[in-house]
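Residue numbering for the sequence shown follows the working numbering, beginning at 660 and increasing consecutively.
Built from N, CA and C at the ideal position, the CB exists for glycine as well.
Keep in mind the model is a prediction, meaning the values are calculated, not measured.
Okay, so here's the structure we're looking at.
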Amino acid sequence: MSDRGISDDEMGCQGMYKETLPITVYWRPGCTSCERLRRGLDAAGVETDEINIWQDERAANAVRMVANGNETVPTVTIGSTVMVDPPVKSVLDEIRRQDPTRTFPRDVRPGATSPTRREPLEVIQRFLIVLFILLSFLAESSGRAALSWAIDGVNVLVYFAVKAIRNTRATPTPE
């Protein structure tokens, strides 16, 4: 039983196995926090069971029970511990706490921070967003509201265009 009153069975935990600690990540499509957590755990070599709460009503109900009625994801179970929207470091720390002998295939030292490497299109996208926000502010402050609105519209279009390009590049092509 977890400390929040949910049975291990409801959260998909089957108790501790002799050789592995059960780790389950509850996620949903489109959730950037979920994607960040899943990538971070994958980078550390942590094997997890992943459950899409939009495809598993029982899992969605279990998440709602620990997240005050909300479908807050990612929600992670490690053994009988439940974590709602945890950062990667907290998950790795909890795994180490529960299994001090645990090593990861691509071990990340506790407390170590790895620099986030952004792809060039993401850097360009962020730069353009900031630039357009500044231009819009300048236009608005000089009394040119229509120009400010036009700049805001261009900002939104550029954002979605670059996002579409990034998604196209990220989608694996079938071989």
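Cβ shell of residue i (< 8 Å), same chain only, five flanking positions each side left out
i, result
"Asp758", "Leu680"
"Ile810", "Phe791, Leu794, Ser795, Ala798"
"Lys822", "Gln784"
"Asn658", "No answer is possible for residue 658: the residues shown for the chain start at 660 and end at 834."
"Ser801", "none"
"Leu816", "none"
"Ser749", "Met742"
"Pro688", "Asn711, Trp713"
"Val705", "Ile682, Val750, Leu751, Ile754, Phe763"
"Arg761", "Leu680, Ile754, Arg755"
"Cys690", "Val732, Pro733"
Reduced DSSP category for residue i - H, G, I as helix; E, B as strand; rest coil
i, result
"Ile710", "strand"
"Thr762", "coil"
"Thr731", "coil"
"Val705", "coil"
"Thr740", "strand"
"Leu680", "coil"
"Arg803", "coil"
"Ala718", "helix"
"Ala809", "helix"
"Glu778", "coil"
"Ala820", "helix"
"Ala726", "coil"
For residue i: DSSP bridge partner residues
i, result
"Trp686", "Asn711"
Close Cβ partners of residue i (< 6 Å) along its chain, the five nearest in sequence each way excluded
i, result
"Ile718", "The residue asked about is misnamed: residue 718 is Ala in this sequence, not Ile. Answer for Ala718: Tyr685, Ile710, Ile712, listed in chain order."
Beta-carbon proximity list for residue i, same chain, < 7 Å, skipping 5 on both sides
i, result
"Val743", "Val725, Ala726, Thr731, Thr734"
"Leu780", "Val821, Ile824, Arg825"
"Glu716", "none"
"Val747", "Leu696, Gly699, Leu700"
Minimum Cβ-Cβ distance from residue i to chain C less than 9 Å
i, result
"Leu816", "Among the protein chains of the structure shown there is no chain C, as only one such chain exists."
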